[in-house]
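Numbering (the numbering used here), first residue to last: 18 to 204.
We treat Cβ as the ideally placed atom computed from N, Cα and C, and that holds for glycine.
Read the structure below first, then the notes.
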């Protein structure tokens, strides 16, 4: 979508992005001050050699979006920010029961805030960001069934460093004993 002040709410999107390689089920390009709220996206899968298929994607020149109370289920890339800034991700539930998950915030712009989200993966969980990409991470819960959670620092889309994610008093690595790779939350 493009434009300003848009609301994309209460949609169910599944198994989209079967032909295109760079996009998402819920997508914004160059728009400002919009809302993604209450959406359920599931089954957005990568194609071999292409990893830019996301559940939620705020693309070039987008700014000021509220991404709130959404679900991304079994999407290896729950969200992507590319050359966009000043977004608030709040109260979202991103889970991949089938493998690894990537949150891609690897862009040179700043001001993105993540708060009170639950982010879970049956495999490895990677948060990819530039040093400027995230202004705040607070009160989020993270879980990896493989216990592999890492930050991937990038610049100009090149990996500079991997760091182990350490919980602090605001962000918690959450042991969710009821969740395992064999469990299914949505059928």
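(Q) So the candidates are 118, 86 and 127; which of them puts its Cα closest to the Cα of residue 103? (A) For the set 118, 86 and 127, the Cα lying nearest the Cα of residue 103 is the one of 127.
(Q) Buried or exposed, going by whether 16 or more other CB atoms sit within 10 Å of the CB of residue 177? (A) Looking at its Cβ environment, which holds fewer than 16 other Cβ atoms inside 10 Å, residue 177 is exposed.
Q) Whose C-beta lies closer than 7 Å to the C-beta of residue 47 among residues of the same chain, with five residues either side of it excluded? A) Excluding positions up to five away in sequence, the list reads 19, 77, 78 and 79.
Q) When the Cα of residue 156 is compared with those of 107, 57 and 173, which residue comes out closest? A) Out of 107, 57 and 173, 107 has the C-alpha closest to the C-alpha of residue 156.
Q | Straight-line Cα distance separating residue 137 from residue 114 | A | Going by the C-alpha atoms only, they are around 8 Å apart.
(Q) My parser needs the beta strand (DSSP E) runs of 3 or more residues fully inside the segment 66 to 94; what are they? (A) Whole beta strand (DSSP E) segments, 3+ residues: 69 to 75, 83 to 85 and 88 to 90.
Q | Beta-bridge partners of residue 171, as assigned by DSSP | A | Answer by DSSP bridge pairing, in chain order: 176.
Q: Provide the residue span of the beta strand (DSSP E) that contains residue 34, from first to last.
A: Residue 34 -> no beta strand (DSSP E), and no H or E assigned at all.
Q. Taking the alpha-carbon positions, what's the residue 152 to residue 122 distance?
A. Cα-Cα distance, rounded: 11 Å.
Q | Chain-order list of residues whose beta-carbon lies under 6 Å from that of residue 132 (same chain, five-residue window excluded) | A | Same-chain partners within the cutoff: 107, 155 and 156.
Q: Within 10 angstroms of the Cβ of residue 97, are there 16 or more other Cβ atoms? Answer buried if so, exposed if not.
A: By the 10 Å Cβ count, residue 97 comes out buried.
Q: Return the Cβ separation of residue 89 and residue 58 in integer angstroms, given the expectation that the two are a contact with Cβ distance under 8 Å.
A: Right, their Cβ atoms sit about 5 Å apart.
Q: Please confirm whether residue 144 and residue 105 have their CB atoms less than 8 Å apart.
A: At a Cβ-Cβ threshold of 8 Å, residue 144 and residue 105 do not count as neighbours.
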